[in-house]
Amino acid sequence: MRPFTYTSATNKEQALKASTKTSHYLAGGTNLVDLMKEDVERPDQLIDVNKLDYKKITSNEKGGLSLGAMLSNAETANHPEIRTNYPLLSMAMLSAASAQIRNMASNGGNLLQRTRCPYFFETSMPCNKREPGSGCGALKGMNALHAIFGYSDNCIATNPSDMNVALAAIGATVEVQKKDGSSRMIEFTDFHRLPGDKPEKDNTLEQGELITAIHLSKPEFSDHYYYLKIRERSSYAFALISVAAGLQVKSGVIAKAGLAMGGVAHKPWKLSKAEEFLVGKKPNKSKFEAAADLAMKDAKPFEANKFKVEMGKNAIVRALTQAYEREA
Amino acid sequence: MTKTINASGVGNAIDRVEGHLKVMGKAKYASEFPVENKVYGQGINSTIAKGEIISIDTSEAEKLEGVLKVITYKNAEKLKAFDEERPELATDSIAPVLQSNKVHYYGEYVGLVVAETFEQAQYAARLVKFEYKKDSDALIDFEKSKSKAYTPDNDSNYSRGNMKLGLSEADMVVEQTYNTPIEHHHPMELHAVIAAWDNGKVTAYASQQIVEDAKIAISGTFQIPKEDVRVISAFVGGGFGSKLNLDRHVIMAVMASKMVGRPVQVTVTRTQMFTNTNMRQQNEQKMRVGAKKDGTLTALSHETLSHTSITQEYQEPCGMVSKMLYNVPNNEVTYKLIPMNLQTPFAMRAPGEATGSFALESAMDEMAWKLKMDPLEFRIKNDTQTDLHENRPFSSRLLVECLRIGADKFGWKDRKAEPRTNKKGNWLIGYGVSAASREAPYQKTHAKVILELEEDKIFATIQMDATDIGTGSYTIIAQTASEYLKIPVEQVTVELGDSDFPITPGSGGSWGAASYCNGARAACENAINTLKNNRNIKGDEEVTVSELLKQNQLTKFEAEGMAEPSAEFKKYSIFSFGANFSEVWVDKDTGMYRIKRMVNVGSAGKILNPKTAYGQIIGGLTMGAGMVIAEQSRVEPNFGNFITRSFADYHVPVNLDMANIDVIFLPEEDKIANKMGIKGIGELGITSVAASISNAIFNATGKRMRSLPITPEKLIEAGLEEGVTA
């Protein structure tokens, strides 16, 4: 590891003040510290924010719950209120990583997880995300695990988080503290960005901004939900494809649908067209298949990840079916 | 005198004698010895697959606090070079390193930084700047390098009968190619060494499977007398073949210690474990099987195409199993190797059998499907009690019994012959079977026993340079001493892994248990016989060891012993056998699957300790399941590096992936194999598991998966086999 200084902040003012262009906030460290060991992240200062008091789950004015940014993934996913009201989020979070990592990882940090693209991890290979202008190694390299939506020639990496996929499906707002002490709200779907010509930027946070809370929309999918994660082994593996599906069914008709995919794009991929299509329909296999076709219509796979189109369709149909058929 | 039952002798399921030390953290692994004044070395890896180093800038690194030395080819000690082009890699091969500016593969060591602390060494290693001239013709793509394949000059190509004739006599022919990827051993304990050079004498605390060969490799590489090298490998946290030979980090540590005048520790990082230790190479195995309508095999050929490195040769004997497992008169086994710009592959658990059995036992299943025969009965029909390859009888072979008993325990009769007919919700359910065999070698082994009499009790210490790579060597050797000295195991101390102790063949190739225990037995028997002879006591007279010492007026007595294969041993083929049964549930839409249960039946001679033996089989089955589920190291086609570089992306099975496992050993004592009737089990477990699971996947889905690993994406993309109803 390269030498760096370490500061432990006891309040947000201290943290914000200490931050510089080359510093990083340190929460669980499950991703950042790994990347520092790999020489991918090279901060000269770590500002430990673990002592900051963003560790609660509270009610918010939208009729939903708000998650403290510093609460661990394990505490969040296993919280009785989350399990009851946001079981889709709980299910997605518990499918992630391993128990040990979930104990360490924070909610804010999960949003900032960096891609698992092997070109990003290996410093001897080109990667525009790690080193802007060096090129995208994956574009003409090994890209079976890469994006099929929304990529650019500069970057075809995917967002690896499971939590993000569920948040995209259920709807959320991210609260951040700006460096000047004021705060601002970012719609969850606007929080992550597509690579475009700035793949080094995963999200829309400005320099020094600190995530303090994730405000969830009011719970709508507590009866019909499913998080399907297709992966190579049963635990501690990132998704090849994942689908978060939530349905609200009233009088035998879909009143609201929340649908998002993981493992397919630079950001959690909200399937808005499919969501809209499903509203007002009777939940059945043919409707789910039509929604899946609609969702995957614009996919632009590479030779090596063509499988993601069929797998994606199957996954959407299966997730919707499991969500609908779940005993409420 | 009444006979007492010895509850700690061989065959008893006692706890590991070293278990307490391990749990308490007191068992010392290579990097844990508190060597005074020790400093740390960090290897630097090349970032090109082929070419030359044109310049090295060490200035920044050398300025850092704590940095003692940066070693590259420019200032490295001159080491013994290979005498010929691409010599075969052996367990005692020299390991020259940092000898020229040539780069042969991505990740090859190009330097070592030595510093006062581990952190300083790691950081400094990053600051050394290498400039390369990269050659554009590196051989890093298996498919594209096939034209470079050559037949290795090692007499392993083999044939009997006439393949052409055999195929013409067949009613049915299966001709298919099976692929297995590069896999890595990845023992939990990283390869590590603390080396101290002291006036031309070397002491190396190194994680090695064969202490004597490590000693030979160090003395050969530095051209110093063997007597001046001592290797200590008291505990080894797994090897799986990767620690059979001596890797270059040990040589770098010895060299660095000589150059800086202090002991140097080098620990290979997990990412370096991919490039700076061995690997199992990619194999493309072409099988041709011919059979009569009634299931009689008429022909079997097994052609393997693999790769080796530019500098050394290794060829995995994939076709071995096809030469001896079945009664087939016409048989051919061939090998070809492509020299590629990757590190030298070497033996990984059950080299030959683990991968070869995937090809053979898949092809057998394909033939059974074509013949509309039960794959179990098809195998039994082609059983043989003679090794047709060696033209010798098997010392014992209970393969049919393994298959029959396993089938009964597993409930094979409930298997549905037609794929896609056993369903439950979204699951397609399948059953698979495979036969397993693994040679049971036994080698010359020396041991020493020290007997001490204290208040009527005999305390025994066994010393040998054997290693315990997690297999249970300490325990079974202690049980052997307990058995032959007729004392409780609590009165036995076993000291292993020091090259100052009597020479053994080390741990590997499933020869450890038989060799070690017979060596220890010989030492104990020698001690007793000598003590009896001295007092003119007849050999068959029952006298306790404590009584013998008293009669000899001794309180301490030492004896050495040696065991080796008998003349009779050489007249037989000596193998362990087994059968694997698996039930797999495949999700019809997602391609994900669950191995629900496995039954493994083995006939592997005398089981010395059921606990450690079960551990070996369960570990082998897990590693075999890993071959199927996800294990693979992939080479980046433009750069030549492994894109899998940690346990996050090199997927080994997790607990949740594993099945309910039932392990059964058939009672067997093979006295032809050796006096104690022991055969090896370290590699039997992994053999054929991959085929058993893959065959179950076929039975579930009707999809024949011929390339490992079988991932969800491959299952989604695969089509149905001809003749399968959707």
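Chains L and W, in that order, give the protein sequences.
Reading the first sequence from the start, the letters are residues 47 to 374 in my numbering.
Reading the second sequence from the start, the letters are residues 369 to 1094 in my numbering.
By construction, the Cβ of each residue, glycine as well, lies at the ideal position given by its N, Cα and C atoms.
Keep in mind the model is a prediction, meaning the values are calculated, not measured.
- Under the Cβ criterion of 9 angstroms, W/Q490 is counted among the residues facing chain L.
- For a Cβ distance threshold of 7 angstroms, residue set R494 of chain W lies close to L/D85, ordered along the chain.
- According to DSSP, residue pairing for W/D1030 in a beta bridge involves W/V967.
- Counting along the chain, W/I562 sits inside the beta strand (DSSP E) bounded by residues 560 to 566.
- In this structure, W/I584 keeps its C-beta atom at 9 angstroms or more from the C-beta atom of L/N360.
- Rounded to the nearest angstrom, the gap between the Cα atoms of W/R788 and L/R364 is 19 angstroms.
- In chain order, A463, V465, Y477 place their CB closer than 6 angstroms to the CB of W/R616, counting only its own chain and leaving out the 5 sequence neighbours on each side.
- Here the alpha carbon of W/K1043 sits roughly 7 angstroms from the alpha carbon of W/N886.
- Residue pairing by DSSP puts W/Y546 in a beta bridge opposite W/Q653.
- The Cβ neighbour count for W/T835, taken over all protein chains shown within 10 Å, is at least 16; the residue is labelled buried.
- In the pairwise beta carbon analysis, the stretch 431 to 439 of chain W is classified as touching the stretch 480 to 489 of chain W: at least three pairs are separated by under 8 angstroms.
- Your pair L/K264 and L/G110 checks out as a contact, with CB atoms roughly 5 angstroms apart and the cut at 8 angstroms.
- Per DSSP, the continuous alpha helix (DSSP H) segment holding L/M209 begins and ends at 209 to 216.
- Taking a beta-carbon distance threshold of 9 angstroms, L/Y273 does not count as an interface residue toward chain W.
- Under the Cβ criterion of 9 angstroms, L/N360 is counted among the residues facing chain W.
- The stretch 798 to 817 of chain W makes contact with the stretch 721 to 731 of chain W; the number of CB pairs closer than 8 angstroms reaches 3 or more.
- Residue contact with chain L for W/A1068: absent (no Cβ-Cβ distance below 9 angstroms to any residue of chain L).
- In this model, L/S112 and L/K63 are separated by some 25 angstroms (Cα to Cα).
- Within the stretch 499 to 515 of chain W, not one residue has a Cβ closer than 7 angstroms to any Cβ of chain L.
- At a cut-off of 9 angstroms between beta-carbon atoms, W/F1007 makes contact with chain L.
- Contact check for W/I1011 and L/M209: beta-carbon distance about 25 angstroms, past the 8 angstroms limit, so the pair fails to qualify.
- For W/I1084, the uninterrupted alpha helix (DSSP H) run begins and ends at 1080 to 1085, by DSSP.
- With distances taken between CA atoms, W/M991 lies nearest to W/G1050 out of W/N374, W/D955, W/G1050, W/P593.
- The alpha-carbon separation between W/F762 and W/K1047 amounts to approximately 13 angstroms.
- The stretch 654 to 669 of chain W and the stretch 535 to 542 of chain W touch, with three or more beta-carbon pairs separated by less than 8 angstroms.
- Shortest Cα-Cα distance from L/S297 to any of L/Q159, L/R279, L/G326 involves L/G326.
- Between the stretch 620 to 638 of chain W and the stretch 441 to 456 of chain W, the count of C-beta pairs closer than 8 angstroms reaches three or more; the two stretches touch.
- Unbroken alpha helix (DSSP H) runs of no fewer than 4 residues, entirely contained in the stretch 63 to 91 of chain L, are found at 78 to 83, following chain order.
- Taking the beta carbon of L/Y282 as reference, the chain W residues within 7 angstroms of it are V1022, listed in sequence order.
- Runs of the alpha helix (DSSP H) lying entirely within the stretch 153 to 198 of chain L, each at least 4 residues long, are 153 to 157, 164 to 167 in chain order.
- A straight-line Cα-Cα distance of about 7 angstroms links L/R129 and L/A123.
- L/S105 is classed as exposed because its beta carbon has fewer than 16 other beta carbons within 10 Å across all chains shown.
- Interface annotation, L/I276: in contact with chain W, CB-CB separation under 9 angstroms.
- A direct Cα-Cα distance of roughly 21 angstroms separates W/V1092 from W/S950.
- Given a length threshold of 4 residues, each whole run of the alpha helix (DSSP H) inside the stretch 213 to 285 of chain L is given here in chain order: 234 to 237.
- Nearest to L/G196 by C-alpha distance, out of L/M357, L/K354, L/G358, L/D344, is L/D344.
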